[in-house]
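Numbering (the working numbering), first residue to last: 403 to 590.
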C-alpha cells in the first residue's frame, strides 16, 4: 500500500501537533446547545392569509347581494306612516331592487370581459355616468311629486335601457372574445 508524504509527516510529528491545548471556555461554548431557532412555516401562514381573504371577499359579496333588499326596506320605511307608500311607488321600489342587482351583475361581467382595455373601460364609464345624471334628474322630479306616475315609469324605463345596453355589450364582447383568444393562441 502506497502512503502519502503528508500522512507520513503527520504520523512522525504527531506529538508536536498535540502540544497546544484549547481554552476551557471554548469547550464550554461548544458544549452548549445551539440556540433554537423558530422556523417560520410559510405554508401555514399563507393558508391562514388565504382563508382570511376568502372570508373577507365572500362577506363583501354577500353584503352586496343583500344590500339592495336593505336599501329597498329603508326607502319604504322613509315614507311617512300617514301617507303610506303608494302602490306605484312600491312597484317602483321592487323594480329598483331587482334592476339594481341584475345591473350590478351585468356590469361586473362586462368589466371582466373588457379586462385591461382602458379606452373601452373609460367609454363604458362615461356612458353609464351620463345615464346616472339623467336618473338623478328623474329622482329630483320624483321628490318634487310632479307627475309621479310618469316619473316612476321613466325611472323604470331608465333601468330597462341600462340593462339592455349592458346585455348588448356583453353579447358583443362575448362574440369578439373567442376570436381574440384564437389570435393569441396562433401568436404563441
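Here a beta-carbon is modelled for each residue, glycine too, at the ideal position from N, C-alpha and C. Computed from a prediction, not measured in an experiment: that's the story for all the values here.
{"query": "Cα-Cα separation between residue 494 and residue 511, rounded to whole angstroms", "result": "25 Å"}
{"query": "Residue 542, enclosing alpha helix (DSSP H) - first and last residue", "result": "520 to 545"}
{"query": "Contacts around residue 540, its chain only, beta-carbon distance under 7 Å, and the 5 residues preceding and following it disregarded", "result": "553, 556, 557 and 560"}
{"query": "Beta-carbon spacing of residue 550, residue 488 below 9 Å", "result": "yes"}
{"query": "As assigned by DSSP and simplified to three states, the class of residue 445", "result": "helix"}
{"query": "Inter-stretch contact at 8 Å, needing at least 3 Cβ pairs: the stretch 505 to 525 / the stretch 558 to 578", "result": "yes"}
{"query": "Per-residue DSSP class, three states only, for residue 440", "result": "coil"}
{"query": "Where the alpha helix (DSSP H) through residue 422 begins and ends", "result": "No alpha helix (DSSP H) contains residue 422, which DSSP labels as neither H nor E."}
{"query": "Proximity of residue 448 and residue 515 at Cβ, strictly below 9 Å", "result": "no"}
{"query": "Residue 533 vs residue 513 beta-carbon contact at 9 Å", "result": "no"}
{"query": "Proximal residues to residue 536 (C-beta, below 8 Å), its chain only, five neighbours per side dropped", "result": "560"}
{"query": "Cβ shell of residue 576 (< 8 Å), same chain only, five flanking positions each side left out", "result": "515"}
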